[in-house]
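Taken in sequence, the protein lines are chains A and B.
If you use the working numbering, the first sequence corresponds to residues 1 to 113, in order.
If you use the working numbering, the second sequence corresponds to residues 1 to 114, in order.
A virtual CB, placed ideally from N, CA and C, is assigned to each residue, including glycine.
Only a predicted model underlies this, so the values are computations on that prediction, with no experimental measurement involved.
Single-structure report; data block below.
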Amino acid sequence: GDSVTQMEGPVTLSEEAFLTINCTYTATGYPSLFWYVQYPGEGLQLLLKATKADDKGSNKGFEATYRKETTSFHLEKGSVQVSDSAVYFCALPTNQAGTALIFGKGTTLSVSS
Amino acid sequence: ETGVTQSPTHLIKTRGQQVTLRCSSQSGHNTVSWYQQALGQGPQFIFQYYREEENGRGNFPPRFSGLQFPNYSSELNVNALELDDSALYLCASSPRGTAPGIDTFGSGTRLTVV
């Protein structure tokens, strides 16, 4: 079945460092792909998405490109801030119900000043 | 516009008991989904409700059941609680017929089973 695999965390960076969080997927066809962020004590928030191959999703300085050749959707940011400390989830739609999603296990990012 | 609100925020139950978690969907959203997020894991889809009927289900046993009310609010019920049911339970709402990624998530209910 469809699945998402994320790099293991935690990822610990200094402020202004470059961030990459790897995500690969297994799916039938070419589903939309998503990155969600979960700040401490809060629910999930959509960070960015891409709906077709070669699309680049971007938001708040984060970017991810939909690569069908490598079945990947890696999240990147050129210069992280302390406020980016959170858990990041890669996701794709499930065929079990309309808007339901399959999430990866999450990658914890910790940024220090 | 209000977001998704869940109650309670935390609760502790004993193994074998039953629990009911509640969710008020965002204004204008008529579809509600529930997820279970175990510690250190990503959310797993439990089921989705639309027009008071189950509209899809993940790989969860029948002791996980739900309800949706005419005002689109929803309940998640878990019977015969097991220790492994300890998790953060997330509710998400969306307008019907929208593409994935539109859901608004609540902050969750932290359930601890002892």
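Which residues DSSP lists as bridging residue i, in chain order
i	result
Y36 (chain A)	A:L46 and A:F89
E75 (chain B)	B:R22 and B:L67
I12 (chain B)	B:T112
R57 (chain B)	B:F47
K56 (chain A)	A:T65
F103 (chain A)	A:A91
V4 (chain B)	Note: V4 (chain B) sits in no beta bridge, so no partner.
Y25 (chain A)	A:V4
A87 (chain B)	B:L111
Y35 (chain B)	B:F45 and B:L90
L81 (chain B)	For L81 (chain B), which the question treats as bridged, DSSP gives no partner whatsoever.
S14 (chain A)	A:S112
Contacting residues, own chain, Cβ-Cβ under 7 Å from residue i (five flanking each side not counted)
i	result
P8 (chain B)	T109
T2 (chain B)	Q26 and S27
Under 8 Å from the C-beta of residue i: neighbouring residues of chain A
i	result
Y84 (chain B)	Per the sequence shown, the amino acid found at residue 84 (chain B) is Asp instead of Tyr. None at all; the shortest Cβ gap to chain A is about 16 Å.
I12 (chain B)	In chain order: nothing, as chain A lies at least about 18 Å away.
L90 (chain B)	G43 and L44
Below-7 Å beta-carbon distance, residue i vs any chain A residue
i	result
G16 (chain B)	no
F45 (chain B)	yes
S107 (chain B)	yes
G66 (chain B)	no
S27 (chain B)	no
S94 (chain B)	yes
Closer than 7 Å to chain B by CB, residue i
i	result
T94 (chain A)	yes
E42 (chain A)	yes
L46 (chain A)	yes
F89 (chain A)	yes
Closer than 9 Å at the beta carbon, the chain A residues around residue i
i	result
Q48 (chain B)	Q96, A97, G98, T99 and A100
L21 (chain B)	Neighbours of L21 (chain B) on chain A: none; closest Cβ ~14 Å, over 9 Å.
L81 (chain B)	Ordered by position in chain A, no residue passes the 9 Å Cβ test against L81 (chain B), which lies about 23 Å from the chain.
Neighbouring residues, chain B, relative to residue i (Cβ below 8 Å)
i	result
G106 (chain A)	G40, Q41 and G42
F34 (chain A)	P100 and G101
K49 (chain A)	G101
Cut-off 6 Å between Cβ atoms - residues of its own chain near residue i, not counting five sequence neighbours on either side
i	result
V87 (chain A)	Q38, G106 and T108
Closer than 9 Å at the beta carbon, the chain B residues around residue i
i	result
F103 (chain A)	Y35, Q37, Q41, G42, P43, Q44 and F45
Residue i CB to nearest heavy atom of the ligand GDP below 6 Å
i	result
F64 (chain B)	The ligand GDP is absent from the structure shown, which contains no ligands of any kind.
Chain-order list of residues whose beta-carbon lies under 8 Å from that of residue i (same chain, five-residue window excluded)
i	result
T20 (chain A)	H74, L75 and E76
S112 (chain A)	T12, L13, S14, E15 and V82
P10 (chain A)	T107, T108, L109 and S110
Would you call the segment 21–31 of chain A and the segment 4–20 of chain B touching, i.e. three or more CB-CB distances under 8 Å? Verdict: no, contact absent.
On the three-pair Cβ rule with 8 Å, is the segment 36–52 of chain B touching the segment 69–86 of chain B? By the Cβ rule, the segment 36–52 of chain B counts as touching the segment 69–86 of chain B, because three or more pairs are nearer than 8 Å.
Inspect the CB distances between the segment 13–24 of chain A and the segment 64–83 of chain A and report whether three or more fall short of 8 Å. Enough Cβ pairs lie closer than 8 Å, so yes.
Within 8 Å, do at least three Cβ pairs link the segment 16–29 of chain B to the segment 64–78 of chain A? Judged by Cβ distances under 8 Å, the segment 64–78 of chain A makes no contact with the segment 16–29 of chain B, as fewer than three pairs qualify.
Inter-stretch contact at 8 Å, needing at least 3 Cβ pairs: the segment 84–104 of chain A / the segment 56–67 of chain B: When Cβ pairs closer than 8 Å are counted between the two stretches, the segment 84–104 of chain A is seen to touch the segment 56–67 of chain B, the count reaching three or more.
Within 8 Å, do at least three Cβ pairs link the segment 64–71 of chain A to the segment 34–50 of chain A? Yes: at least three Cβ pairs fall under 8 Å.
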